[in-house]
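According to the working numbering, the sequence shown is numbered sequentially starting from 253.
In what follows, a single structure is set out as structure tokens and then discussed.
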Amino acid sequence: MSSTAIVNIATLVTNDPSLGDTSPLGQVRDAAVVIDGDRIVWTGGSSEAPATDDRVDAAGRAVVPGFVDSHSHLVFAGDRTDEFNARMSGRPYGAGGIRTTVAATRAASDAELEANLTRLLTEALRQGTTTMETKSGYGLTPEDEARALRLAARHTDEVTYLGAHIVAPEYADDPAGYVDLVTGTMLDACAPHARWIDVFCERGAFDGDQARAVLTAGRARGLHPRVHANQLTHGPGVRLAVELDAASADHCTHLTDADVDALAAGRTVATLLPGAEFSTRAPWPDARRLLDAGVTVALSTDCNPGSSFTSSVPFCIALAVRDMGMTPDEALWSATAGGAAALRRTDVGRIAPGARADLVLLDAPSHVHLAYRPGVPLVAGVWRRGVRVL
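Structure follows, in structure tokens:
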């Protein structure tokens with residue numbers, strides 16, 4: 253174990269108001285941060301940094317917490333370029349395209365699936381993502397769902413069982429039978445490998461009663477709920493998520509006042525996924541409405557081959573600022589501390605003593621450049637668990 257001080261930081265975002273300027277970002281100017289082992293042990297003014305084994309000169313650049321991407325689908329095979337091309341030519345998006353990826357994923361070997369998974373995780377890491385949740389959902393058999401979760405668990409602690417992504421093709425005429433499978437034999441195979449359980453509560457996927465059955469069965473096996481909610485239409489997903497104390501309701505594109513009030517009154521985080529709206533030309537979620545109501549908001553990529561094939565949190569930050577009514581400060585908080593809240597984590601998403609040493613050095617003097625300079629690769633350094641990986 254060795255200690256490292258990163259000094260001469262123009263702006264350090266801690267996400268702890270007590271450590272900085274009392275804003276939610278807790279910014280410290282002309283700052284330093286000290287890492288010891290895999291933890292943050294000190295933050296403060298650069299001139300006051302204690303002696304350490306190593307020093308890194310940030311040279312007047314910004315340091316922010318590592319991004320926490322709390323919603324992705326990375327265990328898959330195949331390509332849906334043709335579907336994207338057709339959609340950009342006018343065909344609307346629907347849940348049925350998932351079946352294309354299911355067929356390719358079932359046909360792929362473990363080695364092929366893991367190679368694609370690690371490629372995408374590395375791609376995300378280069379863009380500053382140090383914590384990433386990922387789901388199953390492209391196997392839809394007990395064996396294929398379990399192997400997806402086993403592969404994912406080799407690379408992240410945040411693994412979600414999503415057997416209820418869509419009804420498997422073999423059960424097209426028997427959706428009730430498929431729900432029985434998801435809550436029975438498939439759950440038995442998958443529960444040992446996952447932390448979370450999710451369901452796509454949406455027209456063309458699972459209705460409110462089916463979603464409730466899936467989530468309550470998972471909770472009985474020790475898996476905590478998450479919900480794909482209100483992406484394509486108004487529906488029961490958000491209020492079901494709040495009722496079951498789900499960690500997050502994800503998408504939240506079509507909301508009633510009652511949905512917003514429920515989120516504001518509960519612990520469930522509204523996770524917004526602007527890459528999906530960008531890639532489907534759907535209406536943007538109204539982040540401003542949620543924030544003004546006091547809802548905790550997370551911002552994630554929804555990286556998947558069909559509706560949001562991006563692993564870039566900085567890109568999603570730029571979209572959220574440009575098209576969803578968020579300020580640059582709010583978007584960064586939602587992509588770091590908000591993502592941590594959506595995973596019910598307190599050790600990531602902030603730069604404060606005791607937190608895991610996950611941080612990003614930007615080739616810019618301020619985090620505002622993430623939205624100000626969209627598409628520009630601004631990540632100049634990444635530390636994960638105290639080790640510089642970029």
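The beta-carbon is built from N, C-alpha and C at its ideal position, and this holds for glycine as well.
Inset, instruction - Determine the direct distance from the alpha carbon of F319 to that of G638, and round the result to whole angstroms. - result: 15 Å
Inset, instruction - Give me the Cα-Cα distance between I287 and Y423, rounded to the nearest whole angstrom. - result: 52 Å
Inset, instruction - For G312, name the three-state secondary structure that DSSP assigns. - result: strand
Inset, instruction - Between the Cα of S563 and those of S322, P302, A283, spot the shortest distance and give me the residue it belongs to. - result: S322
Inset, instruction - Count the other C-beta atoms from every protein chain shown that fall within 10 angstroms of the C-beta of G546, then say buried if there are 16 or more, exposed otherwise. - result: exposed
Inset, instruction - With a threshold of 16 other CB atoms inside 10 Å of the CB of E582, please say whether the residue is buried or exposed. - result: buried
Legend entry - Cα-Cα separation between A284 and G487, rounded to whole angstroms: 47 Å
Inset, instruction - For A498, name the three-state secondary structure that DSSP assigns. - result: coil
Inset, instruction - Have a look at S559, A632, R596, R602 and flag the residue whose alpha-carbon is nearest the alpha-carbon of E335. - result: S559
Inset, instruction - Could you pull the start and end residues of the beta strand (DSSP E) that H486 belongs to? - result: Element bounds for H486: n/a, residue is neither H nor E.
Legend entry - Separation of R540 from G577, as counted between CA atoms: 5 Å
Legend entry - Nearest-angstrom beta carbon gap, L326 and T386 [assumed within contact, 8 Å]: 4 Å
Inset, instruction - In angstroms with no decimal places, state the Cα-to-Cα distance between A360 and V308. - result: 43 Å
Legend entry - Residues of its chain near D282, where Cβ-Cβ distance is below 8 Å and the 5 sequence neighbours each way are ignored: N260, I261, A262, G297, S298, S299
Legend entry - Cβ-Cβ distance between G489 and A481 below 8 Å: yes
Legend entry - Whole-angstrom distance between Y413 and H445, CA atom to CA atom: 8 Å
Inset, instruction - For V641, count neighbouring Cβ atoms within 10 angstroms of its own Cβ and tell me buried if that reaches 16, exposed if not. - result: exposed
Inset, instruction - Measure the Cβ-Cβ separation of T370 and H417 and say whether it is below 8 Å. - result: no
Inset, instruction - From the DSSP output, in three-state form, read off S531 for me. - result: helix
Legend entry - Proximity winner among A528, G380, T393, A338, relative to H619 (alpha-carbon distances): G380
Inset, instruction - Leaving aside the five residues before and after Q279 along the sequence, list all residues of the same chain whose C-beta is less than 8 Å from its C-beta, in chain order. - result: T263, L264, V265, T266, G272, D273
Inset, instruction - Take T647 and list the residues in its own chain whose beta-carbon comes closer than 8 Å to its own, dropping the five residues that flank it on each side. - result: With the chain running from 253 to 642 in the structure shown, residue 647 is simply not present.
Legend entry - Close-in-space but distant-in-sequence residues of the same chain around M253 (CB under 8 Å, 5 per side omitted): D288, G289
Legend entry - Residue of C555, T532, A589 minimising C-alpha distance to T548: A589
Legend entry - CB contact flag (P317, D610, <8 Å): yes
Inset, instruction - In the DSSP assignment, find the beta strand (DSSP E) that holds W448 and state where it starts and stops. - result: 448-453
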